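The UniProt record's numbering numbers the first residue of the sequence shown as 1 and each following residue consecutively.
C-beta atoms are modelled at their ideal positions from N, C-alpha and C, and glycine is treated no differently.
Predicted, not measured: the structure shown is a model, and the values here were computed from it.
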Amino acid sequence: MIHLVNYVILYCIAKINHERTTASVYHLLRGKRSSQTIQDAKLYELSSYFGILKNLKRSDFEKIVEKLQESGWIVSNHKNYASLTEDGYIYLQSHQKTFPVEWLNGMQLASISELFWLRLQLTIQTYTNLVQGNNNFIPITDDHTVQYWFKQHYYHSRTDVRESVDHLYKELLTLLESLPTDYATLFVHRLSGYQKIGLSLYQLAQSSHLSVYDVSLLLTCVIHRFVTKVKVKSNDFPYLSMLIPPSEQHVADVVTQSAQKTKQWLEKGFSIDQIAQIRKLKRSTIEDHVIEIAYIDPSFSVESFLHHQAYTEILHGIKQSKTTKLKDIKSLLHNQYSYFEIRLVFASVTDNNRSMIP
């Protein structure tokens, strides 16, 4: 059986190609909020996969990696640095169009889509119950922030419930009709409504003869696709648009809390050394925060840390070196620039321009 989770892990290992351990792939898929994981996601063009499998257990991940090795698709050394075999690359190429991974946008949408999904579930459940005159039901989510959001949304919208249900139905139908039938079925069966509880991931896995992780990934693909479409064509989806949190929220959701505090000091005009002194942290820690912010926040400028000539020379060195290893790049540049400055250049190059870097 072909598994989406196998494809995703193989793809990630192919990208890191013996430069990171398999553990880095696990942290990436879980969406670990650390400077290293965020850097890996950007550096190895894996931003789309960041945080797409937050329910992945470490033990299950290790079992999957072990099976991939047994299948002859990957090889790894005693330090768990892995790379694909020729058969592994053949598997990847032969299944490139099997799965809708191009719909994924983890770094930008992982947290936003999760919130959208919870809001959608609760909205559908509540409206369908209210239409039937039932005010007594157990909310599908126990997330108090989502429940509070719905109460505020319901109070301020003051629209007719039946009218809201009709509009939501039409908008969702438009999105579902753009999907393959099996994907649409998975999505619909997950929803709860009046006298109907949505199926669990385990139940869906059993009925569709897939693994729980495959189902989770497919649903994530669908939800990311929906959020992207609604954001791009918000006028066509006015009701669903209201369920999507502000786009800038993803920065706060991905960047670590400590890095957010550093960002606040930077915005007040403080230097790295000043912030390190104020926060009683090492300069290297504040530098890590700056790199983290630069990777996540597209509005963040590195100009105050790096002059234009240095940027140009480092970028040229990166291209010349044909590697992502900082030590090799630093050596090629005759140790003129610090690791921090080299990392800044990597961070400042957008994913769209990532092909410029080997």
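Nearest-angstrom Cβ-Cβ length linking residue i and residue j, presumed shorter than 8 Å
| i | j | result |
| --- | --- | --- |
| residue 53 | residue 217 | 6 Å |
| residue 139 | residue 147 | 6 Å |
| residue 157 | residue 105 | Rounded, the Cβ-Cβ distance is 28 Å, inconsistent with contact. |
| residue 294 | residue 347 | 4 Å |
| residue 28 | residue 50 | 6 Å |
| residue 296 | residue 254 | 5 Å |
Bridge partners - residue i, DSSP secondary structure assignment
| i | result |
| --- | --- |
| residue 196 | 193 |
| residue 332 | Answer is none; residue 332 lacks a bridge partner. |
| residue 146 | Note: residue 146 sits in no beta bridge, so no partner. |
| residue 76 | 82 |
| residue 126 | DSSP lists no partner for residue 126. |
Residue i vs residue j beta-carbon contact at 8 Å
| i | j | result |
| --- | --- | --- |
| residue 59 | residue 40 | no |
| residue 245 | residue 64 | no |
| residue 243 | residue 162 | no |
| residue 76 | residue 22 | yes |
| residue 219 | residue 187 | yes |
| residue 68 | residue 9 | yes |
| residue 175 | residue 231 | no |
| residue 198 | residue 207 | no |
| residue 18 | residue 89 | no |
| residue 318 | residue 341 | no |
| residue 124 | residue 168 | yes |
| residue 321 | residue 328 | yes |
| residue 225 | residue 103 | yes |
Assigned exposure category for residue i - 16 Cβ within 10 Å defines buried
| i | result |
| --- | --- |
| residue 235 | exposed |
| residue 343 | buried |
| residue 316 | exposed |
| residue 353 | Here residue 353 scores only 41 on pLDDT, less than 50, and its place in the model should not be relied on; the value that follows carries that caveat. Exposed, by the Cβ-count rule. |
| residue 283 | exposed |
| residue 142 | exposed |
| residue 108 | buried |
| residue 335 | exposed |
| residue 355 | Because the pLDDT of residue 355 is 36, which lies under 50, any placement of that residue in the model is unreliable, and the question is left without a value. |
Span of the beta strand (DSSP E) around residue i
| i | result |
| --- | --- |
| residue 338 | Premise fails: residue 338 is in no beta strand (DSSP E) and is neither H nor E. |
Bounding residues of the alpha helix (DSSP H) (the contiguous stretch that carries residue i)
| i | result |
| --- | --- |
| residue 212 | 212-232 |
| residue 70 | 58-70 |
| residue 301 | Counting along the chain, residue 301 falls outside any alpha helix (DSSP H), and DSSP gives it neither H nor E. |
| residue 262 | 257-267 |
| residue 22 | 22-30 |
| residue 279 | 272-279 |
| residue 98 | Run containing residue 98: none; DSSP gives neither H nor E here. |
| residue 51 | That residue, residue 51, is in no alpha helix (DSSP H); it is neither H nor E in DSSP. |
| residue 317 | 308-321 |
| residue 161 | 161-176 |
Residue i: CB within 7 Å of a non-hydrogen atom of the ligand SAH
| i | result |
| --- | --- |
| residue 61 | With respect to small molecules bound, the structure shown includes none, and the ligand SAH cannot be examined in it. |
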